[in-house]
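Visitor:
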Amino acid sequence: MRDGIDREQVSGALLRWYDRAARVLPWRVGPAERAAGVVPDPYRVWLSEVMLQQTTVATVKAYFHRFTTRWPTVEALAAAQDAEVMAEWAGLGYYARARNLIACARAVAAQGGFPDTLDGLRALPGIGAYTAASVAAIAFDRSETVVDGNVERVVARLFAVRDPMPKSKPMLARLAARLTPLERPGDFAQAMMDLGATVCTPRTPRCDDCPLAGFCEAQAQGIAAELPVKTAKTPKPTRRGIAYVVIREDGAPLLETRPPKGLLGGMPGWPGSDWGDDPTPAPPLAADWALLPGVVKHTFTHFHLELSVATARVPQAVNPETGDFRPGFDPGALPTVMRKVWDHAASGDLFAGRDGA
DNA sequence: GACGCGTGGAT
DNA sequence: TATCCAAGCGT
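Oh and the first sequence: position 182 is 182 in the UniProt record's numbering, straight run, nothing missing.
#1: Look at the Cβ atom of VAL135, then the Cβ atom of ALA176, and state whether they are nearer than 7 Å.
#2: Quick one: Cα of LEU101 to Cα of PRO268, how far?
#3: According to DSSP, simplified to helix, strand and coil, what is VAL147?
#4: Could you give the first and the last residue of the continuous alpha helix (DSSP H) run that contains ARG97?
#5: Counting C-beta neighbours from all protein chains within 10 Å, is the total for SER347 16 or more, i.e. buried, or is it exposed?
#6: State the Cα-Cα distance for the pair ALA83 and ARG97, rounded to the nearest angstrom.
#7: Give the secondary structure of PHE138 by DSSP, where H, G and I count as helix, E and B as strand, and everything else as coil.
#8: Using the C-alpha atoms, what's the distance from LEU14 back to ARG20?
#9: Write down the C-beta distance between GLY323 and LEU255 rounded to the nearest angstrom, noting that I regard them as a contact closer than 8 Å.
#10: Using a Cβ-Cβ cut-off of 6 Å (strictly less than) and excluding sequence neighbours within five positions of TRP342, which residues of its own chain qualify?
#11: Which two residues bound the contiguous alpha helix (DSSP H) that contains ARG28?
#12: For a minimum of 3 consecutive residues, which ranges assigned as the beta strand (DSSP E) are wholly contained in the region 299-341?
#13: Just reading off the beta strand (DSSP E) that GLN255 is part of, what are its end residues?
#14: Classify LEU172 as buried or exposed, calling it buried when 16 or more other Cβ atoms lie within 10 Å of its own Cβ.
#15: Reducing DSSP to helix, strand and coil, say where ALA286 ends up.
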């Protein structure tokens, strides 16, 4: 590992690059605006950082726009109904983030605003080491070290750290702290992440375009693309299940709200079997079920899922064993796997009527 | 510290 | 097609 990297030289070179090449993002106060005295809104910084957790910039943009249009302030978000927020979050994934977002907004509103220290932020729901540091640095100009996957990769290469992740994470964080400047910590953090996202990329880093190439030990050794080393991941198993899509005469679909914790917690979904090697059928009511051909495939973080879909139309009077009929339900409020089930059901004869078959 | 937790784009 | 990966957090 190289040890002679100078904080001022590295942060200076990176900030000069950022002043010239910073991406324009909806939640970002760019270097020129910042220099002109524009102050970031902690609410927008926090909201964007939570949305960006393990989620790409391209995906977040539309959600950020919808959220800030509908709820322009943390007080407005705090006053929203849970189900409204969950529905607006639908499709973005990691739904615990949305539950924590609501809890955090209400705590902040009750406190009269966001805390402006690392520890104060860190104590809020859904705010961990990364988000606390990024909000402290970007919104409150505090010299905190922001460490995300980009920063870990950049630092691993700068210092040619060959120890595998995740074991090396604490070391990478210490090395990142060495580089964090006292001035412009927020721009520095965003510059590190921009660099990782656009230049110091995972597979094929563009070292020829890198403002830090002259400081980079991995570049000097010709091993930038090999770093950081990661320990191998275990392969994903495949689970199977059956989802039941029932439409009542009035068009209301039968849905249930999933338990508040765990997979898709708090989100609406179709009644179904367990998900496993050999699922047991579990229709939510007695009906003339039609098992559709094909399966819906979806991959979660730690397993593949193949769902068979059974559909039925039922009269107005029936009472389901699980879930409830929801007139006027918007399929856009479904998490993606459940929306795929809906799309698959709609491709069948669910709406054509099967009486004439 | 390891695991559970979504989704869509890149390779 | 399969795998990797992304501005992580909570338990």
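Think of the CB as a built atom: it goes at the ideal place given N, C-alpha and C, for glycine as much as any other residue.
Fair warning: this is a prediction, and the values are worked out from it, not measured in the lab.
Guide: Let's see:
#1: no
#2: 18 Å
#3: coil
#4: For ARG97, the enclosing alpha helix (DSSP H) starts and ends at 96-111.
#5: So SER347 ends up on the exposed side.
#6: Approximately 14 Å, taken between the alpha carbons.
#7: The residue you asked about is not Phe; residue 138 is Ile in the sequence shown. In the structure shown, ILE138 sits in a helix (DSSP, three-state: H, G or I).
#8: 10 Å
#9: 6 Å
#10: PRO331
#11: Careful: ARG28 lies outside any alpha helix (DSSP H) and carries neither H nor E.
#12: Here the runs fully enclosed are 304-314.
#13: Contrary to the premise, residue 255 reads as Leu rather than Gln in this sequence. 254-257 is the span of the beta strand (DSSP E), which, as asked, contains LEU255.
#14: Buried, because 16 or more other Cβ atoms sit within 10 Å of the Cβ of LEU172.
#15: coil
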